[in-house]
Every structure is written in structure tokens, then in C-alpha cells.
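Take the sequence shown: its letter number 164 is residue 647 in this note's numbering, and every next letter is one higher. Backbone N, C-alpha and C fix where the C-beta goes; we use that ideal spot for every residue, glycine too.
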Amino acid sequence: MGAPTSRAAKAAETEAALKAAAKRIFAERGYVNTKITDITAAAGRAAGSFYNHFASKDELLAALLTDMFAESDLVMDDPDHRADFSDRSAVRWHIAQYWTFYRRHLPEMVALRQAAMANPEFGRRLQEMVSADAAHLVGHLEPVRAAGIPLPGEPDVVVSAFHSLLGQFAYTWLAAGGDGTGREISDEEAIETLTEFVHRGLAGTPPPASDRDR
484 MGAPTSRAAK
494 AAETEAALKA
504 AAKRIFAERG
514 YVNTKITDIT
524 AAAGRAAGSF
534 YNHFASKDEL
544 LAALLTDMFA
554 ESDLVMDDPD
564 HRADFSDRSA
574 VRWHIAQYWT
584 FYRRHLPEMV
594 ALRQAAMANP
604 EFGRRLQEMV
614 SADAAHLVGH
624 LEPVRAAGIP
634 LPGEPDVVVS
644 AFHSLLGQFA
654 YTWLAAGGDG
664 TGREISDEEA
674 IETLTEFVHR
684 GLAGTPPPAS
694 DRDR
């Protein structure tokens, strides 16, 4: 016989079950309409077990976001990743990663949006977490300035605009059913459109050499 399962292993198993159940129920009912008892029932756990792991439904969602950040960090080791937004292919890589990530984690991404609207305090906390995670993108803008191309704003504000654009566009087409016209777009069209929009806005046309030298 193998060694008995440790208490820590059982706790980790329960936490994983609660997270998996939450994602399923969020997808079915939406974040606001999901109760903690819905999550524990779907996970096959006692209602009281939830509070051994999370103080609230918001805390569970924050833990899911942390897991998602950890997953996204892994792709940075991709050999195709380049920290240079003057290069269109680098911009496209980041946008494709975001789009794929949003689609894969659609229930959680929609839940985060709903939670932020329902609880302004959680919304502020969410913004802080997202801003901290996105801070590394500021360095991706340095090659643009090094090429003599002025940024459309301060680097941190440009990164905020970049994230806001991607987030709202992804929500519109992946979660909200489109823009209301009945039109559908493929993943490829979405990624290419965003890539062109962002790259042209950041590094479209360098100013003439005479202007750069002034």
C-alpha cells in the first residue's frame, strides 16, 4: 500500500476542486449569480470547506487570476517572444498570446469584469494587480523611442491604453457576441486587425531625419 495522503495534499486537492468548480459555475451562471454553496456543491465538498481556503468569492477569483498570471509568465520563454514593439511581429506575438489566453480563460475573464463592476473595492484591487503584471511592457516601448519615433503618450499610459484596447475588444467579440451588427470575425482577423492598429499607432512612420535632429 502507498503512503496515506497527507493533510496538505488533501487541502491542495480541495482547493483545486473548488477552483475548477468555480470556473464551471461562472461559465454557466455568471459571477454575480454564483453562490459559494453552488461552488462547493459542484466541487463535491462540504459548504464550510470553502472558508478553509478562501475568505470570500472575490478571494477565490483573485486566486484564479494569480494562477492565470503564472500561466502567462511561462510563455515568456517562447523563443518567438521579443521585447520590441517597433517590430510588427513582436506586437503580433503579444496580441495573439492575449487573444488565445482570453479565449481559453473566458469564464474567468468575464467573472473578473462582473466582479469589478459589482464591487468597486475589488475593481481597484484588480486594476492594481493587472497594472503590476503589465508593467514589464513599458520596456517593450524603448526600441520605438530608440528608433526616433515619438510615443503617443507616456510609456505607462500607452501600456494602459494597449491593455484597455485588447481587453474591451476581446470582451466584445469573445464574450458579448460581437458589436451588435451580427457580423462575426475569426481569431485571425481579430489578431491581425489589432496588430495593425497597435503597430501603426506605436511605430507607423518614423519622423524625417531632419526633424529628429532638431
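Contact between L634 and V641 holds, with the beta-carbon distance rounding to 6 Å and staying under 8 Å.
Where Y581 is concerned, the enclosing alpha helix (DSSP H) starts and stops at 571-587. Here DSSP, grouped into helix, strand and coil, assigns P603 to helix. DSSP places F568 in the coil class of the three-state scheme, outside both helix and strand. Take the alpha-carbon of S569 and the one of R575: they are about 11 Å apart.
The beta carbon of V621 sits closer than 7 Å to those of P638, D639, V642, all from its chain and outside the five residues before and after it, given in chain order. Straight across, the Cα-Cα distance linking M551 with R528 is about 24 Å. For the 8 Å CB-CB criterion, V627 and L685 form a contact. Along the length of the stretch 516-545, whole alpha helix (DSSP H) runs at least 4 residues long occupy 519-526, reported in chain order.
Nearest neighbour of G513 by Cα position, chosen from A601, E496, F652, turns out to be A601. For V558, same chain residues with a beta-carbon under 8 Å away, outside a window of 5 residues either side, are H564, Q580 in chain order.
Here DSSP, grouped into helix, strand and coil, assigns Y514 to coil.
Segment contact: the stretch 520-538 against the stretch 644-652, fewer than three CB-CB distances shorter than 8 Å; contact not assigned.
In this structure, DSSP gives A644 a helical state, which the three-state scheme calls helix.
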